[in-house]
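Numbering (this note's numbering), first residue to last: 10 to 121. Everything below concerns the one structure shown next.
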């Protein structure tokens, strides 16, 4: 049983308005911290997307040069890393969107 569940049961049994208020404040503080973390993660993902775009420009420039074996392999490796970073970023952005949607739904439920 989580601490929040125990407090909820106690509030129902005691019919305590102050305990309910305390639970509401705790819930709001937890949500605030969670959304701050989500926002920070979103910002980091945006920065990563910018870096990926910059790296793509460098890769394109390297491809346009007349290159030999080792350089060609380096460009190939950079492309693979680029694709992997982009896939990770997309996954994180999807999780962030889902978290924001859940938070929005929780806020709507709380308002009612």
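Glycine residues also receive a C-beta, built at the ideal position from the N, C-alpha and C atoms.
Within the model, the alpha-carbon separation for residue 31 versus residue 41 is close to 15 Å. The Cβ-Cβ distance between residue 68 and residue 47 does not fall below 8 Å. Ranking 100, 108, 118 and 29 by CA distance to the CA of residue 58 puts 100 first. Contact check for residue 95 and residue 61: beta-carbon distance about 6 Å, within the 8 Å limit, so the pair qualifies.
CA-to-CA, the gap between residue 56 and residue 111 works out to about 24 Å. From the listed residues 88, 80, 51 and 27, the smallest Cα separation to residue 109 is found for 51. In terms of CA proximity to residue 118, 33 leads the group 18, 33, 15 and 26.
Each residue's CA atom was taken as its position, placing residue 64 and residue 37 some 40 Å apart. Our two residues, residue 35 and residue 105, have alpha carbons roughly 22 Å apart in a direct line.
Runs of the alpha helix (DSSP H) lying entirely within the stretch 25-108, each at least 4 residues long, are 26-73 in chain order. Contact between residue 54 and residue 90 does not hold, since the beta-carbon distance rounds to 17 Å and is not under 8 Å.
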